[in-house]
Amino acid sequence: MNKVQKLLALLLVITLQLASIPTSLLAQSNATPPEISNVEVTGVTDSSMTITWETDEDADSSVNYGLQPDLGIVRIPVPDRTSHSITLDNLEPGRTYYFRVISADENGNQGISADYKVEMSGTPQTGDGPGQGESSTESTVTNPTPVREIIEQINEITNPQQLQEILQETVEAIQGITDDLTIIGPPTVIPEASTALISLTTDREASSEVQFSPSASFNGGTYAFSQKSTGDVTTDHEIRIIGLEPFTEYSFKVLSTDGSGITGESRNFTFMTKASLPEIRNLRVLKVEENAATLAWDTTVPAKALIEYQDQTTGAQNSVGRPTLATSHQMRLADLTLGTRYVAFVISENSGGDRVRSQPIQFITVRDIAPPIISNVTNESTLFPGSESR
């Protein structure tokens, strides 16, 4: 049984209780809460203590207590006494406990004391200020009471005003947890070539999910893929989706579901993955001339080509490039100076504008003094009668 179902069950019980009370009783009310005084702690041992106090009218007895200021509860539900005493057992030795006392009269009006704390080996220290009276039910329970026990307690209540107050609190609680879950603002996306980290924030703790598709095949309704969070419920969510194609636009939406099964979802968004970085391979000098040089290299993905080079004698720098995408590259550097050492860097840029730079490569321009080699010469002739071969 989830939280909504539990509260609906309580709502039904309270409604039935109110329906069984005569209408004349519903008009009766006493809005004055009991006044609590003389709160004392006695009988402190390693594992128990007794708390006593007085009220100015007959009321029931409750103690909220715990190791932290958010308190649990022990209660005597019958409003038939003005002197109250509750013993807390099975406490942990040597620990500091926090508590406050609560008394409600037969009309459900509650008086609440100040907060106190007690060290099990010492004397109690009083709270920071006087108690206060309130006409609405107020308690914080560290360990939730089972639904069956709550229903039994409600069935024991005969005061119509108190039942109406409980009814109102239950209705507000149901409304609070059935409000739509809100995804706050647009999600943020940090894309890589094959993954993307998507972050989002919700107005309450929930799980999260990303549904996504390549935009080119997205029909506006059903997403092709889904990836859910693997951690605990939270308000700050991060999901890394994997298996994406480089330099591709994706459509996506995010969804979050809280512990009551209420789901909120965003509208559709898009992001573009990064292009794969080119990797420069087999960089080489193909040819050196007296005033030129030719470089060649390969890249792992289609990329634009650029060479930056520098005259090591004068320090003059220059560059030459080609804007077309290719994986095999060859470029000639012209107007160089004879007998000069040059250093060159190759830069490749992918379709997404990401650049990589090679290690330097050096060469010296020289004059080609080797004579040409003649090869593959053939001798073809035809002899006619009366002629001499030549």
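Every letter in the sequence shown is one number past the one before it in this note's numbering, and letter 165, counting from 1, is 173. Using N, Cα and C, we set each Cβ at its ideal position, and we do this for glycine too. Note that the structure is predicted; figures quoted are calculated from it, not measured.
Distance, residue j Cα to residue i Cα
{"i": "glutamate 428", "j": "lysine 282", "result": "Here the chain has residues from 9 to 398 only, and residue 428 is not among them."}
{"i": "leucine 341", "j": "glutamate 246", "result": "50 angstroms"}
{"i": "serine 223", "j": "arginine 330", "result": "31 angstroms"}
{"i": "threonine 332", "j": "alanine 313", "result": "8 angstroms"}
{"i": "isoleucine 165", "j": "threonine 40", "result": "18 angstroms"}
{"i": "threonine 148", "j": "asparagine 72", "result": "A caution first: threonine 148 carries a pLDDT of 35, below 50, which makes its placement in the model unreliable, though a value can still be read off. Cα-Cα distance, rounded: 8 angstroms."}
{"i": "valine 47", "j": "tyrosine 124", "result": "10 angstroms"}
{"i": "glutamate 287", "j": "threonine 190", "result": "44 angstroms"}
{"i": "valine 49", "j": "serine 70", "result": "14 angstroms"}
{"i": "aspartate 113", "j": "glutamate 62", "result": "13 angstroms"}
{"i": "threonine 302", "j": "glutamate 316", "result": "13 angstroms"}
{"i": "alanine 204", "j": "glutamate 253", "result": "11 angstroms"}
{"i": "aspartate 88", "j": "aspartate 66", "result": "5 angstroms"}
{"i": "glycine 360", "j": "threonine 178", "result": "57 angstroms"}
{"i": "isoleucine 249", "j": "isoleucine 206", "result": "8 angstroms"}
{"i": "valine 328", "j": "alanine 334", "result": "16 angstroms"}
{"i": "threonine 322", "j": "phenylalanine 353", "result": "17 angstroms"}
{"i": "serine 56", "j": "glutamate 127", "result": "11 angstroms"}
{"i": "histidine 337", "j": "alanine 304", "result": "6 angstroms"}
{"i": "glutamine 172", "j": "phenylalanine 279", "result": "53 angstroms"}
{"i": "aspartate 97", "j": "aspartate 54", "result": "10 angstroms"}
{"i": "leucine 294", "j": "phenylalanine 226", "result": "48 angstroms"}
{"i": "valine 309", "j": "leucine 346", "result": "35 angstroms"}
{"i": "glutamine 176", "j": "threonine 230", "result": "42 angstroms"}
{"i": "glycine 102", "j": "tyrosine 258", "result": "59 angstroms"}
{"i": "glycine 135", "j": "glutamine 170", "result": "With a pLDDT of only 47 at glycine 135, under the threshold of 50, the placement of this residue in the model should not be trusted; the figure read from the coordinates follows. If you take the alpha carbons of glycine 135 and glutamine 170, they lie about 28 angstroms apart."}
{"i": "phenylalanine 371", "j": "alanine 311", "result": "24 angstroms"}
Which residues DSSP lists as bridging residue i, in chain order
{"i": "methionine 128", "result": "Answer is none; methionine 128 lacks a bridge partner."}
{"i": "lysine 236", "result": "Glu217"}
{"i": "glutamine 367", "result": "Paired residues: none, contrary to the question."}
{"i": "glycine 272", "result": "Ser264"}
{"i": "asparagine 326", "result": "Tyr317"}
{"i": "serine 336", "result": "Asp306"}
{"i": "leucine 341", "result": "Ala301"}
{"i": "proline 41", "result": "According to DSSP, proline 41 bridges with nothing at all."}
{"i": "leucine 96", "result": "Met57"}
{"i": "isoleucine 206", "result": "Val197, Ile247"}
{"i": "isoleucine 159", "result": "Its beta-bridge partners do not exist; DSSP assigns none."}
{"i": "alanine 67", "result": "Arg89"}
{"i": "alanine 311", "result": "Ala334"}
{"i": "lysine 295", "result": "Thr302"}
{"i": "serine 223", "result": "BP columns for serine 223 are empty, so no partner."}
{"i": "tyrosine 350", "result": "Asp319, Phe371"}
{"i": "glutamate 357", "result": "Lys312, Arg363"}
{"i": "glutamate 62", "result": "Ser45, Ser91"}
{"i": "glutamate 257", "result": "Met280"}
{"i": "arginine 289", "result": "Asp306"}
{"i": "isoleucine 191", "result": "Thr210"}
{"i": "threonine 242", "result": "Ala214"}
{"i": "threonine 50", "result": "Thr58"}
Residue nearest to residue i in terms of C-alpha spacing, selected from the options
{"i": "glutamate 357", "options": "Leu344, Leu294, Leu285, Leu303", "result": "Leu285"}
{"i": "serine 366", "options": "Arg292, Val49, Thr321, Asp376", "result": "Arg292"}
{"i": "arginine 108", "options": "Pro101, Glu100, Glu297, Thr60", "result": "Thr60"}
{"i": "alanine 300", "options": "Met57, Val49, Gln176, Thr373", "result": "Thr373"}
{"i": "tyrosine 106", "options": "Gly74, Ala122, Ser225", "result": "Gly74"}
{"i": "glycine 51", "options": "Leu99, Thr63, Ser70", "result": "Leu99"}
{"i": "valine 296", "options": "Gly228, Gly267, Met339", "result": "Met339"}
{"i": "glutamate 298", "options": "Asn326, Tyr350, Glu127", "result": "Tyr350"}
{"i": "glycine 269", "options": "Thr321, Ser216, Glu157", "result": "Ser216"}
{"i": "glycine 119", "options": "Asp64, Asp97, Asn167", "result": "Asp64"}
{"i": "threonine 90", "options": "Ser111, Pro101, Asp97, Gly102", "result": "Ser111"}
{"i": "valine 218", "options": "Asp88, Ala311, Asp66, Ser237", "result": "Ser237"}
{"i": "aspartate 343", "options": "Ser336, Phe353, Ala324", "result": "Ala324"}
{"i": "glutamine 235", "options": "Val262, Thr53, Leu294", "result": "Val262"}
Supposed contact pair residue j and residue i - C-beta distance, whole angstroms, cut 8 angstroms
{"i": "threonine 348", "j": "aspartate 376", "result": "Incorrect: roughly 15 angstroms between the Cβ atoms, too far for contact."}
{"i": "isoleucine 174", "j": "isoleucine 162", "result": "7 angstroms"}
{"i": "threonine 95", "j": "threonine 58", "result": "4 angstroms"}
{"i": "serine 264", "j": "proline 195", "result": "Incorrect: roughly 11 angstroms between the Cβ atoms, too far for contact."}
{"i": "threonine 209", "j": "aspartate 244", "result": "6 angstroms"}
{"i": "glycine 251", "j": "serine 202", "result": "7 angstroms"}
{"i": "isoleucine 192", "j": "aspartate 211", "result": "6 angstroms"}
Contact check, residue i vs residue j, beta carbons under 7 angstroms
{"i": "aspartate 68", "j": "proline 42", "result": "no"}
{"i": "serine 93", "j": "isoleucine 44", "result": "no"}
{"i": "threonine 256", "j": "glutamate 213", "result": "no"}
{"i": "glycine 267", "j": "aspartate 188", "result": "no"}
{"i": "asparagine 326", "j": "aspartate 306", "result": "no"}
{"i": "isoleucine 355", "j": "arginine 363", "result": "yes"}
{"i": "glycine 116", "j": "asparagine 167", "result": "yes"}
{"i": "phenylalanine 233", "j": "phenylalanine 260", "result": "no"}
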